[in-house]
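One structure below.
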Amino acid sequence: MEVPAVNLKAIVLAHWLLTTWGCMVSWLPPSYAWGNFTILAVGVWAVAQRDSVDAILMFLTGLLLTILTDIVHISLYYPTQKTLTDTMRFSSGMAIFSLLLKPLSCFFAYQMYRERGGEYAFNLGFLGVGQDPSSYQSIDHPVPPPTYPDVSSKMVPPRPY
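In this text, residue positions in the sequence shown follow full-length UniProt numbering: the first is 1, and each later residue adds one.
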């Protein structure tokens, strides 16, 4: 099954609109808006730099991190039933919808990361997650195995006591 092509501009625009509507009423702390709009700025960078693997990887990583921070923000600051107005209900609904849409956006951002030439496994260097290219040999020019000396023809004299 082929994954449908989704434009990065549509992802950034949808999350910008949902974040703006989520921040319409000040029931969330300023860190919610700062975190989400900062990641959307990185998304604009990823749109502008079509060949940059780093831009899309930072956008993907930021989306993954904002999933966690959005869960914390919404769970801690959700308005009580007594103070919930229609505008607050709409604003909180849009923030929750943005949170629910983020895993799908991460999936599409990961597909774009692979299309731009990113590796399947994240290579962090010091963790050894990436593949070691020295363990592979070329198909065109196979490297002959190393020759070992014939040990049976040479007798090592026993050590004197």
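We put the beta carbon where it would ideally sit given N, CA and C, even for glycine.
**Study point:** The alpha helix (DSSP H) enclosing residue 112, as first and last residue numbers
**Key:** 86-115
Practice item. Spatial neighbours of residue 91 within its chain, please: CB distance less than 7 angstroms, with the 5 preceding and 5 following residues excluded, ordered by chain position. Key: 21, 22, 24, 25 and 27
Practice item. Spatial neighbours of residue 78 within its chain, please: CB distance less than 7 angstroms, with the 5 preceding and 5 following residues excluded, ordered by chain position. Key: 92
Practice item. Assess, as a yes-or-no matter, whether the stretch 44-63 is touched by the stretch 73-87 under the definition of 3 or more beta carbon pairs within less than 8 angstroms. Key: no
Check your understanding: Just curious, the alpha helix (DSSP H) that residue 31 is in, first and last residue?
Key -> 30-48
Check your understanding: In chain order, what residues of the same chain lie with their CB nearer than 6 angstroms to the CB of residue 70, ignoring the 5 residues before and after it?
Key -> 99
Review point. Which class does residue 19 belong to by DSSP, given the choice of helix, strand or coil?
Key: helix
Practice item. For residue 64, collect the residues of the same chain with a Cβ closer than 7 angstroms to its Cβ; drop the 5 residues on either side in sequence, then sort them by chain order. Key: 106
Review point. Hey, quick one: how far does the alpha helix (DSSP H) through residue 75 stretch, first residue to last?
Key: 53-77
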